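Asker:
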Amino acid sequence: EADLILHVVDAAHENYVEHEKTVNHLLKELEAHQIPMIVVYNKKDLLNESFIISTKEEAILISTFESSDITRLLHVLENKIKKQLTSYTLNVSPANGKLLSELESKTVLLTKKWLETEEMFLIKGLAPNNVANILLKDQ
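In the numbering used here, the protein residues as written are 8 to 146.
(1) Would residue 47 and residue 69 be called neighbours here (beta carbons separated by less than 8 Å)?
(2) Run through the region 15–98 for me and flag every whole beta strand (DSSP E) of 3 or more residues, listed as ranges in chain order.
(3) For the alpha helix (DSSP H) that residue 113 lies in, which residues bound it at each end?
(4) Three Cβ pairs or more, each shorter than 8 Å: is that satisfied between the region 123–142 and the region 91–100?
(5) For residue 124, does the count of other Cβ atoms within 10 angstroms reach 16, so buried, or fall short, so exposed?
(6) When you compare only the Cα positions, how much space is there between residue 35 and residue 10?
(7) For residue 104, count neighbouring Cβ atoms within 10 angstroms of its own Cβ and tell me buried if that reaches 16, exposed if not.
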């Protein structure tokens with residue numbers, strides 16, 4: 008199952024509203040309408056001034072030809088994904104290599120710092136809830 012849907016709409020198409028409704032209808036039929044979504048209205052460079060965003064979902068209007076728009080989209084995606092993650096802080100012994108490896112491969116490590124006096128790693132990161140529940144339950 009998806010954690011996030013990125014619904015890309017051709018904003019320059021004359022029937023973009025109908026296309027969007029069709030996709031939303033299909034998502035409902037597939038019981039995927041509850042999954043968090045970002046609607047990306049593309050082709051901003053081809054629009055006239057009367058364009059109206061037609062969704063109640065989080066949305067962004069971009070042109071893929073503008074690098075600043077791609078950067079904005081990446082920030083929107085990053086923020087939306089971070090909202091779905093659980094933050095954690097752990098002290099992990101270097102002897103616990105399995106946990107260290109799993110944290111590095113299954114979570115987003117924000118910091119990994121060696122604590123000389125404790126002879127442990129201080130690890131801060133973000134993890135999907137299902138991963139956090141498994142990896143962090145005994146910590």
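Every residue, glycine too, gets a C-beta built ideally from N, C-alpha and C.
As the structure is a computational prediction, the values presented were derived from the model and not from experiment.
Answerer: Reading it off the structure:
(1) Mapped onto the sequence shown, residue 47 falls at position 40. Mapped onto the sequence shown, residue 69 falls at position 62. Going by C-beta atoms, residue 47 is nearer than 8 Å to residue 69.
(2) 44–49, 65–68
(3) Working through the sequence shown from its first residue, we reach residue 113 at position 106. 104–113 is the extent of the alpha helix (DSSP H) around residue 113.
(4) yes
(5) Here the question's residue 124 lines up with position 117 in the sequence shown. Exposed: under 16 other Cβ atoms inside 10 Å.
(6) Indexing the sequence shown from 1 puts residue 35 at position 28. Indexing the sequence shown from 1 puts residue 10 at position 3. For residue 35 and residue 10, the distance between alpha carbons rounds to 16 Å.
(7) For this step, residue 104 is matched to residue 97 along the sequence shown. Result: exposed.
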